[in-house]
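Student: Residues in the first sequence are numbered from 283 upward in steps of one, following the working numbering.
Think of the CB as a built atom: it goes at the ideal place given N, C-alpha and C, for glycine as much as any other residue.
Got a structure for you, written out below as structure tokens; questions coming shortly.
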Amino acid sequence: MEEHKSLNFIEQIIEEDLSSDKHQGRIHTRFPPEPNGYLHIGHVKAICINFETALKYGGKTNLRFDDTNPTSEKTEYVDAIKNDIKWLGFDWANEFYASDYFDQLYEFALKLIKLGKAYVDDSTAEEIAEMKGTPTEAGKNSPYRERSIEENLDLFIKMKEGAFEDGARVLRAKVDMTSPNMHMRDPVIYRIKHAHHHRTGDKWCIYPMYDFAHGQSDSIEEITHSLCSLEFRHHRPLYDWLIENLEIFPSRQIEFARMNIEYMVTSKRRLLKLVEDGVVTGWDDPRMATVSGVRRKGYPAAALRTFCEKAGVAKRENLIEYSLLESCVRDELNRTAYRAMVVMDPIKLTISNYPEGKTEIMIAENNREDESAGVREIPFSKHLWIEKEDYMENAPKKFFRLSEGKNVRLKNGYIIHCDGAIKDADGNVTEVLCTYYPDSKSGEDNSGIKAKGTLHWVSQEQAISAELRNYSLLFNDPTPTSHEDKDYTEFINPESLVIKTDAKLEPSLAKAKIGQQYQFMRKAYYTTDIDSTEDKLIFNRTVALKDSWAKKQNKK
RNA sequence: AGCCCGGUGAUGUAAUGGUAGCAUACGAGGAUUUGGCCCUUGUUGUACAGGUUCGAACCCUGUCUGGGCUUCCA
């Protein structure tokens, strides 16, 4: 009866806390982006962990913008980030900003000074770095370390009041310059920046550093479990030190390994360069690892959530296979996407014995996996478009498509017999000739004829045209940023976008809406791109269908 | 290496002192009006060496090995 579900290490900690009644069983997490860029697939992992863990234990998640550095943050990013999180399917309990707490953080700083646990340092950034030592060498105390509490108070207040230039002084926590943990060597907790803040305007000219904002914000919001990536492991002793000395709510920081995915680049700087260099068309280019990029490519939010769940959570370094992501996308789309027939590289097919001018309406299921998706009508006639690659003059034995003498089923249509092809002067096939079996109509087939293969097709007269944007990997190396001797840009795949301008679509696609997802049968999943207009439809390839025939061919 | 994290099939993740499992990938077969989906099935694993124990992926010791740690960024 009882199913033992395995827990990840974070859930184990939570369940232990729950059983010891810590925080009276309350679970509260937070997702703390800095509004200085767009969300990418790596953030999705952090979002899923924070929101889904809270959800699982009946807790809540705050969205908190970590906006303590006015020079790089913008409201524009706030809106984009909120939009992306909503799209991913998560609702936050509260929308907060670290900047909301500037007054309180300032009070915390005063308190620390009064406790003799913080001091104003007049040293330059270079001097501070110099005195910091190295990982193998202890640091040295600053000459300003032993200032009196009164002097520190006076100077810090003057810092706040704008008496000093940027960089003239900083406030440092007085911890331990000999600590083996570099972050405990009297970390800077406030710096002077005469900069306009996207929310507080010009109210402040001093801003807290990450270490004096993040953990304190967690405490103020009474976050029970502050889940972050491994890189913050070294900050935890400081996180705890500040909680202890400030005597504030004891949030607990837990670190997990960030998710790396083959072929994907997630650094802001590198992403930006791709945009600036024109390698891609923008932050939402379907080849970008941004949330807006994968969304435009057609990845469903549910697939992304499943993907993160399947990738799991642990503390070890990882590189998730791209194929797992694609598998999740296909799986979701297989259940939800409507099917349609689209010929991407068209060639004429003429059914010699089918009456000229006659049109039959064929009935097709929208999604065989989902009966409730209903059916649609597709016109059938003597003159069709089929895929060029579905005809071969000298076909191998296992080629279940068109070749002289072979039978094939036209999906939702008739079985046809291939009589040969017409070629132009250069020997290129320009038209395939077939005859059909009138009693083999789909759904009422009593011909007794067998056809191993099934092809998709579109009636020429009613076909509509569209542009297909066939995207594939942006890089041709699974870890483009991990080569010491080569820049990641050297691995850019020159064929990451192949545009098919002359695709022939079944007429039902004329009413395709932006963002709608389809499976173009036997080919790939596609979504209608935002660039589509009334007279020009554009589809982005989300992910190709598996193709075991092609795979077999490649092996030869 | 001064300190901190880690090392389980190809990849990711379980098993928390008692049968090394699951997913993806790869392979074989079946079914099929999508060479998709689906079904059956196969190969590959506890970094190494000791120790504790009736019994070790798990506990202990050592070794090897990967990553991280010196921003007035977060």
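Measure the beta-carbon distance from I781 to E749 and round it to whole angstroms, keeping in mind my assumption that it falls under 8 angstroms.
Tutor: Correct: roughly 6 angstroms between the Cβ atoms.
Student: In its own chain, which residues sit with a C-beta less than 6 angstroms from the C-beta of V711, not counting the 5 before and 5 after it?
Tutor: So the list reads A703 and K705, once near-sequence residues are dropped.
Student: Is the CB-CB distance between E788 and H665 below 8 angstroms?
Tutor: Taking 8 angstroms as the Cβ cut-off, E788 and H665 do not qualify as a contacting pair.
Student: Do you know how far the Cα of K630 is from the Cα of K693?
Tutor: So the alpha carbons of these two residues sit roughly 16 angstroms apart.
Student: Span of the alpha helix (DSSP H) holding G497?
Tutor: From DSSP, the alpha helix (DSSP H) with G497 extends over H496 to I502.
Student: Roughly how many angstroms lie between the CA atoms of D348 and F662, to the nearest whole one?
Tutor: Approximately 59 angstroms, taken between the alpha carbons.
Student: Along the beta strand (DSSP E) that carries C700, what are the first and last residues, could you check?
Tutor: Per DSSP, C700 belongs to the beta strand (DSSP E) from I697 to K705.
Student: Tell me the DSSP secondary structure of P314 in three-state form.
Tutor: If DSSP states are grouped into helix, strand and coil, P314 belongs with coil.
Student: Pair every Cβ in the stretch 385–404 with every Cβ in the stretch 416–434, then say whether three or more of these pairs are closer than 8 angstroms.
Tutor: Output reads yes: the stretch 416–434 touches the stretch 385–404.
Student: Taking a contact to mean a Cβ-Cβ separation below 8 angstroms, would you say S511 touches F531 in this structure?
Tutor: Cβ distance not < 8 angstroms, so S511 and F531 don't count as in contact.
Student: Who are the near neighbours of V243 in its chain, counting only those whose CB is closer than 8 angstroms to its CB and skipping five residues on each side?
Tutor: Nothing about residue 243 can be reported from this structure: the residues present for the chain run from 283 to 838 only.
Student: If you reduce the DSSP assignment to three classes, tell me which class F682 lands in.
Tutor: Looking at F682 - three-state DSSP - the assignment turns out to be coil, as it is neither helix nor strand.
Student: Assuming E544 and P760 are in contact, meaning their beta carbons sit under 8 angstroms apart, how far apart are those beta carbons, in whole angstroms?
Tutor: About 4 angstroms separates the two Cβ atoms, so the contact holds.
Student: Verify whether the separation of the beta carbon atoms of G341 and R312 is less than 8 angstroms.
Tutor: No. Outside cutoff.
Student: Contact between the stretch 636–652 and the stretch 569–584 is defined here as three or more beta-carbon pairs at a separation below 8 angstroms; is this criterion met?
Tutor: Result no; under three Cβ-Cβ pairs closer than 8 angstroms.
Student: The beta strand (DSSP E) with A826 in it runs from where to where?
Tutor: From DSSP, the beta strand (DSSP E) with A826 extends over L819 to A826.
Student: Starting from D403, trace the beta strand (DSSP E) both ways and give me its first and last residue.
Tutor: Here the beta strand (DSSP E) through D403 covers A400 to D403.
Student: Using only CA atoms, which one of Y753, D652 and Y472 lies nearest to L387?
Tutor: Comparing Cα-Cα distances from L387 to each of Y753, D652 and Y472, the minimum goes to Y472.
Student: Look at F802 and V624 and say whether their C-beta atoms are less than 8 angstroms apart.
Tutor: Yes. Within cutoff.
Student: Just verifying my parser: in three-state terms, what is the DSSP assignment at K688?
Tutor: Coil.
Student: Any idea which residues DSSP pairs Y379 with across the strands?
Tutor: Answer is F347.
Student: Count the other CB atoms within 10 Å of the CB of V657; is the residue buried (16 or more) or exposed (fewer)?
Tutor: With fewer than 16 Cβ atoms within 10 Å of its Cβ, V657 is classed as exposed.
Student: Which partner residues of S511 appear in the DSSP bridge assignment?
Tutor: DSSP lists F538 as partners of S511.
Student: Can you grab the Cα-Cα spacing for the pair W523 / D468, in whole Å?
Tutor: Cα to Cα, W523 sits roughly 12 angstroms from D468.
Student: Is it right to say R454 is buried, meaning 16 or more other beta carbons lie within 10 angstroms of its own, or is it exposed?
Tutor: R454 is buried by the Cβ-count criterion.
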